[in-house]
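Participant: In terms of the UniProt record's numbering, the sequence shown is residues 1 to 315.
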Amino acid sequence: GTEPPKSPKQSRPAGTAQAKICQPSSACREEVKRAGSKAEGASGRAVEPKAAPSPVKARTPAGKAAGRGANSEKLLQAAVNLRNSKSLRLALSRATQASPALMAKASALLERLAAAESAALQDLRTAERDEAREPPVPWRLLCLDFDRTIAKEHMWGTYKDAPLNQIPVSEETFTDLALFRWLVRAIRKRAGEVVIATFGRADVAGKAMQFALGEDHGVVITTPADYPDPAPEAGIEAARCPEGSSWLGDKNTQLASLARRFGVAATEMILLDDDLHNVQEAAKAGVSAFHAPTGLNKTAVQNVAELIGLTGHAE
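#1: Please confirm whether ILE187 and ARG140 have their CB atoms less than 8 Å apart.
#2: Taking 8 Å as the cut-off, does the stretch 303-310 touch the stretch 174-194 (at least 3 CB pairs, one atom from each stretch)?
#3: Determine the direct distance from the alpha carbon of LEU110 to that of ILE221, and round the result to whole angstroms.
#4: Going by C-alpha distance, which of VAL137, PRO230, ILE270, ASP123 is nearest residue 316?
#5: If we call anything under 8 Å between Cβ atoms a contact, is VAL169 one with ALA202?
#6: Please classify GLU40 as buried or exposed, where buried requires at least 16 other C-beta atoms within 10 Å of its C-beta.
#7: On the DSSP bridge assignment, give the partners of ARG240 in chain order.
#8: With DSSP as the reference, please indicate the residues paired to residue 382 in a beta bridge.
#9: Tell me the residue span of the alpha helix (DSSP H) that contains ILE308.
#10: Do you know how far the Cα of ALA106 is from the Cα of VAL204?
#11: Counting C-beta neighbours from all protein chains within 10 Å, is the total for PRO232 16 or more, i.e. buried, or is it exposed?
#12: By how many angstroms is the C-alpha of GLU281 removed from the C-alpha of CYS241?
#13: Kindly give me the distance between the Cβ atoms of ASP176 and LEU296, rounded to whole angstroms, as I take these residues to be in contact under 8 Å.
#14: Check whether the stretch 245-263 and the stretch 122-135 touch, using three or more Cβ-Cβ pairs below 8 Å as the test.
#15: Does the pairing of the stretch 110-124 with the stretch 157-171 give three or more beta-carbon distances under 8 Å?
#16: Taking the straight line between their C-alpha atoms, what separation do you get for VAL287 and ASN303?
#17: Helix, strand or coil: how does DSSP classify ILE187 here?
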């Protein structure tokens, strides 16, 4: 087999007790006068006594409730704007003081998103190998996440919609460039194929593939922009999901599409992703899914190599 390259309290201060506010006695006033006269003689200016601090007004229960309601509204509205089922579930469980109208809107959106994710899971689970396909169906289809898996950092989070020519790609972009190159060669040598399923930008991932594998890298890249909004409102034409979004909820919609495109079953697919949720949902469909929290490094590659019998993998 092909040998891979060697990869290069503070302690909290105690709370300060609130100072007691009181009115000065007549003796106090006389003392202040004497101190003022003494200071005036020394500096030529009269020294006025400091006014007592105003007491802090405590928030009433009604005020606290209003604050919680406003925070609930903001939390839930942010989840609605994000259009992600996981975020919506969390927000609905916490935003108990949000308005009934927003609660209803969020619940309806969550129901539509959950239904779409369930359909994607079933679509992926029922994918079948098509031996009659030309060119021949890959022996295995290795699906890789891009941000924080192939790439060391979250490229979408860092660069968003910056012009492509302003997004640098170098060896330092990759978790382990030499190991990635070896893995692609080893998979293809066994008549397998490598694809990318990312929530980020296709052009950024493509630029990285050109750097790593050349102009004709042959790596299919899929992003949310390849798919319609999974939860459009009734009577409204579904727009495409924007790149950088998590509207799809997990990678199953992308994986199901890749299974059909390459003619493979879910059990012939492998997923490496730094997001545990994506891994768990793909595994439900029969995909051999591996969590790679530190990216495409030796540990991640060993998991793939041991599964499909690649020899000479990183030790």
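For every residue, glycine included, the Cβ atom is placed at its ideal position computed from N, Cα and C.
Facilitator: On the basis of the supplied data:
#1: It is a contact, given that the beta carbons lie within the stated cut-off.
#2: Touching, yes, given that three or more Cβ pairs across the two stretches are closer than 8 Å.
#3: Using only the alpha carbons, I get a separation of about 28 Å.
#4: Look at the range of the chain in this structure, 1 to 315, and you will see that residue 316 is not part of it.
#5: Result no, Cβ atoms of VAL169 and ALA202 do not sit closer than 8 Å.
#6: Note on GLU40: pLDDT 43, under 50, position unreliable in the model; the coordinate value appears next. Burial call: exposed.
#7: Partner(s): PRO228.
#8: The requested residue 382 is not part of the displayed model; the chain covers only 1 to 315.
#9: From DSSP, the alpha helix (DSSP H) with ILE308 extends over 298-308.
#10: Approximately 33 Å between the Cα atoms of the pair.
#11: Label assigned to PRO232: exposed.
#12: Rounded to the nearest angstrom, the two C-alpha atoms are 20 Å apart.
#13: Indeed, because the Cβ distance is near 6 Å, the residues count as touching under 8 Å.
#14: Yes, the stretch 245-263 is in contact with the stretch 122-135.
#15: No, because fewer than three Cβ pairs between the stretch 110-124 and the stretch 157-171 fall closer than 8 Å, the two stretches do not touch.
#16: The alpha-carbon atoms of VAL287 and ASN303 are separated by roughly 14 Å.
#17: ILE187 sits in a helix when the DSSP states are folded into three classes.
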